[in-house]
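Chemist: Take a look at the following structure, please.
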Amino acid sequence: MWWRRCNAACGTRARITEGINAYAQPPAPRSQTMTACDFAPAQSVAPPQRRRLLLFSNSVALGGMEAHMLLLARHLDREQFALYAICPAWPPTCLFNQRLAAAVDQFATVTPDRRYGVAKQMVETWRFFRLLRRWRIEVLHMHSTTYQGQWAALLIARLSGVKRIYVTEHLAPDQRLPRCERLVRSLFSRLVTGIVCVSEKNRRAREVHIYTPPQRTLVVANGVDPNDFTPIPVVQQQALRDQYDLPATAQIVGSVVRLAPEKGLDDLLSAFKIIRTSCPQAYLLLVGEGVLRETLAQQAAQLGIAEYVRFTGFQRDPRPFLSLMDVFVLPVPVGSMSIGLLEAMAMERAVVITFGGPGEAVEHGVSGFCAEPRNPAALAQAIETILHDSVLRQRLGAAAQRRVAEAFSAQRVARVLGALYQR
8 MWWRRCNAAC
18 GTRARITEGI
28 NAYAQPPAPR
38 SQTMTACDFA
48 PAQSVAPPQR
58 RRLLLFSNSV
68 ALGGMEAHML
78 LLARHLDREQ
88 FALYAICPAW
98 PPTCLFNQRL
108 AAAVDQFATV
118 TPDRRYGVAK
128 QMVETWRFFR
138 LLRRWRIEVL
148 HMHSTTYQGQ
158 WAALLIARLS
168 GVKRIYVTEH
178 LAPDQRLPRC
188 ERLVRSLFSR
198 LVTGIVCVSE
208 KNRRAREVHI
218 YTPPQRTLVV
228 ANGVDPNDFT
238 PIPVVQQQAL
248 RDQYDLPATA
258 QIVGSVVRLA
268 PEKGLDDLLS
278 AFKIIRTSCP
288 QAYLLLVGEG
298 VLRETLAQQA
308 AQLGIAEYVR
318 FTGFQRDPRP
328 FLSLMDVFVL
338 PVPVGSMSIG
348 LLEAMAMERA
358 VVITFGGPGE
368 AVEHGVSGFC
378 AEPRNPAALA
388 QAIETILHDS
398 VLRQRLGAAA
408 QRRVAEAFSA
418 QRVARVLGAL
428 YQR
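This is the structure in structure tokens:
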């Protein structure tokens, strides 16, 4: 099947070389007499034509999906691919659009969903069709979190003659869907060439809740570039401590996350109140922006911990903030293969999450801790265990960094997906 061949593609180069060496025969002896052919100029060989690949997203906010696409654009082999990208014209994602435009050969903002109304969608859909025809796209990879606007993009891509269409739904449903929606999304899954899942948990969720046949899916776990995560200078760390009034003796629990309802941050605040009783030097550092900021600030005040909680807002580069954290926490009740988590692990942070399972980055007790979701007491216990044991903290951080370098690199993602696109 297609996904098995793609998984095997990364190892074919060595096998092909061995096969050539095994079957190569010595050249037949040539005559010593020169002919006119010996002086004929060598014919030039045309370089292989690059495959035209389009990355498409329906982004509504900056998050893991956008980071994934930027890393993919950066690490794909540009000798094999002419790279194009189309994303919505949407104010919250302007920074992402700018960065992606700089990483590809051609970029355009098109919004083929209904966020601007049906009339605008019709105009944008026509623009999408014209761009696909003009660029002569051969392979389309659609990236989605909200599942909005994907049908229009899929149908237009088919009408424009795109031969291969893959989709990655970075947030698969975590519960049973209404029957009508389930049928529609199941049909969508059958109209694309294949579905790329960012984790085994993501693939399983699609199989259970959307009835996606497993033979139509390929798991390519998210990755980050380990080379991007070098130590942050002490002077820069101290400047951040001064800016956010974090004492030199503070033990910092933190997270880099969008402040949204599904992220479990209310549980983290409740857990932090428990932590303060046994770790009086603990501070909570929340890096990110979102609709819940005021609500979370009010909750912190009600819990009596507001003076120990710091909100930094959105940060273009979270790495200096990660370097301050003694423990990185991702309290998402239902999650999988978070880019933010991988970044923290690459920064050699000890991590605590509330989701896990086979194939996930965190191996409980080895490269981090997994706590029970929606259980502030269990979350607090895991964090306290790390804060009270500096040797354990260092061991978990080092193991986390190795885990990312060995199994969750962006280079691996680009290599596997590149083999898929070349089929």
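For the sequence shown, the residue numbers in my numbering are 8 to 430.
The beta-carbon is built from N, C-alpha and C at its ideal position, and this holds for glycine as well.
What you are looking at is a predicted structure, and each value in this text was computed from that prediction instead of being measured.
Assuming the contact rule is C-beta atoms closer than 8 Å, R140 and S167 should be a hit. Round their C-beta distance to whole Å, please.
Modeler: The beta carbons of R140 and S167 sit about 5 Å from each other, so the pair counts as a contact at 8 Å.
Chemist: CA-CA distance, L161 and T361?
Modeler: 35 Å
Chemist: For L78, which residues of its own chain have a beta-carbon under 6 Å away from its beta-carbon, when the five flanking residues on both sides are left out?
Modeler: A417.
Chemist: Given a cut-off of 8 Å, decide if L61 and T100 are closer than it, judged by their beta-carbon atoms.
Modeler: no
Chemist: Would you mind stating whether E355 and A412 have Cβ atoms separated by less than 8 Å?
Modeler: no
Chemist: For the segment 172-184 against the segment 198-206, do three or more pairs of beta-carbon atoms, one drawn from each stretch, fall closer than 8 Å, so that the two count as touching?
Modeler: yes
Chemist: Using 10 angstroms around the beta-carbon of V284, count the other beta-carbons present and answer buried if the total reaches 16, otherwise exposed.
Modeler: Going by the sequence as given, residue 284 is Thr instead of Val. Burial call: exposed.
Chemist: Assign R37 to one of three DSSP states: helix, strand, or coil.
Modeler: For R37, the predicted model reports a pLDDT of 40, less than 50, meaning its position is unreliable and no value from the coordinates is stated.
Chemist: Start and end of the beta strand (DSSP E) containing L293?
Modeler: A289 to V294
Chemist: Does the Cβ-Cβ distance between A289 and L394 come in under 8 Å?
Modeler: yes
Chemist: Of the residues G297, I282, S330 and F114, which one's Cα is nearest the Cα of G311?
Modeler: When only C-alpha atoms are compared, the closest one is I282.
Chemist: So what does Q258 bridge to, in DSSP terms?
Modeler: According to DSSP, Q258 bridges with A289.
Chemist: Just curious, the beta strand (DSSP E) that Y91 is in, first and last residue?
Modeler: F88 to C94
Chemist: Have a look at T132, R143 and M352 and flag the residue whose alpha-carbon is nearest the alpha-carbon of W158.
Modeler: If we check each option's Cα against that of W158, T132 comes out closest.
Chemist: Thinking C-alpha only, which one of K127, H75 and V169 is nearest L147?
Modeler: V169
Chemist: Within this structure, are the beta carbons of P327 and Q245 separated by less than 8 Å?
Modeler: no
Chemist: Distance, Cα to Cα, R317 vs G295?
Modeler: 11 Å
Chemist: Pick out whichever of A96, G124 and R381 has its Cα sitting closest to the Cα of N115.
Modeler: Residue 115 is actually Ala in this sequence, not Asn. Ranking A96, G124 and R381 by Cα distance to A115 puts A96 first.
Chemist: With 16 other CB atoms within 10 Å as the buried threshold, where does T224 fall?
Modeler: buried
Chemist: Tell me which residues share the same chain as I259 and place their Cβ nearer than 6 Å to its Cβ, disregarding the 5 neighbours each side in the sequence.
Modeler: Cβ within range, chain order: Y290, L292, L331, M332 and D333.
Chemist: Applying the criterion that 16 or more other CB atoms from any shown protein chain within 10 Å of the CB defines a buried residue, is G320 buried or exposed?
Modeler: exposed
Chemist: Hey, would you say L399 sits closer than 8 Å to V359, going by beta carbons?
Modeler: no
Chemist: Between A89 and G372, what straight-line distance do the alpha-carbon atoms span, to the nearest angstrom?
Modeler: 43 Å
Chemist: Could you check what DSSP says for A179 in three-state terms: helix, strand or coil?
Modeler: coil
Chemist: Under 8 Å, do F136 and I163 count as touching if we go by C-beta distance?
Modeler: Between F136 and I163, the C-beta gap is smaller than 8 Å, which places the two residues in contact.
Chemist: If I'm right that E73 touches F103 with Cβ under 8 Å, what's the distance once you round it to whole angstroms?
Modeler: 4 Å
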